[in-house]
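In the working numbering, the protein residues as written are 75 to 368.
Worksheet: the structure to be examined is printed underneath.
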Ligand SMILES: C[S@@+](CC[C@H](N)C(=O)[O-])C[C@H]1O[C@@H](n2cnc3c(N)ncnc32)[C@H](O)[C@@H]1O
């Protein structure tokens, strides 16, 4: 179930004969809607770093799938001869099928290996992070990426547990932190712990920064950047980029003191209505931001 489908695609497609990028193809829900709004001259490039997404590729000559991390978006678009595009959509995070797949380790609802790599061909697994990172580094990432106030205690509990053998499964991790995560915030804090591990394993902050900053160059004047975020860290990055053109949110000025802002916001940030939230619980934390290149 694609999140905020109509609002996001309506905000994206301003010219049916234009060139568009779906940076997070996934199940292809947003892409299908975009392609349906294109004329025979329009084209959509869909990126995903997860091989599973290839199963959903759209069989249409107006669509090209690119099996890659979106951090390389600008280079790939140059390769395809597109110096400028009319719109870029990113529906961030992992897809619903990842959460429902017990072999991937994204969800604490299922027992399974703690892997969490979106691209299973490379990189370290979340279990490597848990077992091999120094305690101090674990504490930092729980604080930075999970915004967990008890990050230090969580890191201590994990360091203690791994002295008895490597933590490889979801149950072993949950057992290790049981005493530290309070009952009243159990689900929320466990979700944040898993989010922090996932962000570290997939270098999510670096990839998002590179993709967002390259969108400034890649978008044509009047082109739209449409992003759906699911937590405050990525939302802050997107908000800052749309305000200033960089993820730090620092507005630069020219020699005469004129503000150099590459985007103007289109509407206010939107969230799914009650019906969508009820039908799709994952959409509850979603926030849609749209900006136009000026
Ligand atoms: C929320 S899902 C997108 C769902 C999609 N909009 C749909 O309608 O089916 C996010 C997708 O982005 C992919 N993804 C996340 N980070 C990525 C990155 N840095 N590069 C490429 N793909 C990424 C994930 O593998 C996942 O398939």
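We put the CB at the ideal spot given by N, CA and C, even for glycine.
All of these numbers come straight from a predicted model, not from anything done at the bench.
Query - residue 366 (DSSP reduced to helix, strand or coil) - result: Correct three-state label for residue 366: strand.
Query raised in the report: With contact counted as at least three CB pairs below 8 Å, one residue from each stretch, are the region 157 to 175 and the region 215 to 223 in contact?
Result: Not touching, per the Cβ criterion.
Query raised in the report: Would you call the CB atoms of residue 316 and residue 329 closer than 8 Å?
Result: Not in contact: residue 316 and residue 329 (Cβ atoms no closer than 8 Å).
Query raised in the report: Should residue 327 go down as buried or exposed, given a rule of 16 or more other Cβ atoms within 10 Å for buried?
Result: It counts as exposed.
Query - The beta strand (DSSP E) enclosing residue 225, as first and last residue numbers - result: Counting along the chain, no beta strand (DSSP E) covers residue 225; the unbroken alpha helix (DSSP H) around it starts and ends at 225 to 236.
Query raised in the report: How about residue 98: is its Cβ closer than 7 Å to a heavy atom in ligand 1?
Result: Checking the Cβ of residue 98 against ligand 1 gives yes.
Query raised in the report: residue 167 by DSSP, collapsed to three states: which one?
Result: Here DSSP, grouped into helix, strand and coil, assigns residue 167 to coil.
Requested in this report: Less than 8 Å between the CB atoms is what I'm expecting for residue 361 and residue 303, so what's the real figure, rounded?
Outcome: Residue 361 to residue 303, Cβ: 5 Å. Contact.
Query raised in the report: How long is the line joining the alpha carbons of residue 351 and residue 300, rounded to whole angstroms?
Result: About 20 Å.
Query raised in the report: At a cut-off of 7 Å, is residue 181 close to ligand 1 when judged by its beta-carbon and the heavy atoms of the ligand?
Result: Every heavy atom of ligand 1 is 7 Å or more from the Cβ of residue 181, so no.
Report task. Could you say if the region 176 to 184 and the region 255 to 273 meet the contact criterion of at least three C-beta pairs nearer than 8 Å? Result -> A contact is defined here as three or more CB-CB pairs under 8 Å, and the region 176 to 184 meets this definition with respect to the region 255 to 273.
Query - With 16 other Cβ atoms within 10 Å as the buried cut-off, status of residue 105 - result: It is buried - the Cβ of residue 105 has at least 16 other Cβ atoms within 10 Å.
Requested in this report: Determine the extent of the alpha helix (DSSP H) in which residue 271 is found, giving its start and end residues.
Outcome: Start and end: 260 to 275.
Query raised in the report: Which of the three DSSP states, helix, strand or coil, is assigned to residue 314?
Result: Assignment of residue 314 by DSSP, reduced to helix, strand and coil, places it in the helix class.
Requested in this report: Would you check whether ligand 1 has a heavy atom nearer than 7 Å to the C-beta of residue 149?
Outcome: No.
Query raised in the report: Less than 7 Å between the CB of residue 168 and some heavy atom of ligand 1, yes or no?
Result: Checking the Cβ of residue 168 against ligand 1 gives yes.
Query - Residue from 295, 287, 169, 118 with nearest C-alpha to residue 124 - result: Minimum Cα distance to residue 124 is reached at 169.
**Report entry** Beta-carbon proximity list for residue 138, same chain, < 6 Å, skipping 5 on both sides
**Finding:** Answer for residue 138: 119, listed in chain order.
Query - Which residues DSSP lists as bridging residue 361, in chain order - result: Paired residue(s): 303.
Query raised in the report: Thinking C-alpha only, which one of 142, 339, 193 is nearest residue 314?
Result: Residue 339 is the option with its Cα nearest to residue 314.
Query raised in the report: Taking the alpha-carbon positions, what's the residue 109 to residue 242 distance?
Result: In a straight line, the C-alpha of residue 109 is about 42 Å away from that of residue 242.
Query raised in the report: Relative to the alpha-carbon of residue 78, which residue among 368, 367, 353, 176 has its alpha-carbon at the smallest distance?
Result: Nearest C-alpha to residue 78: 353.
Query - residue 121 beta carbon near ligand 1 (any heavy atom closer than 7 Å) - result: Residue 121: yes, Cβ under 7 Å from ligand 1.
Query - heavy atom of ligand 1 below 7 Å from residue 192 C-beta - result: It does: the Cβ of residue 192 is within 7 Å (strictly closer) of some heavy atom of ligand 1.
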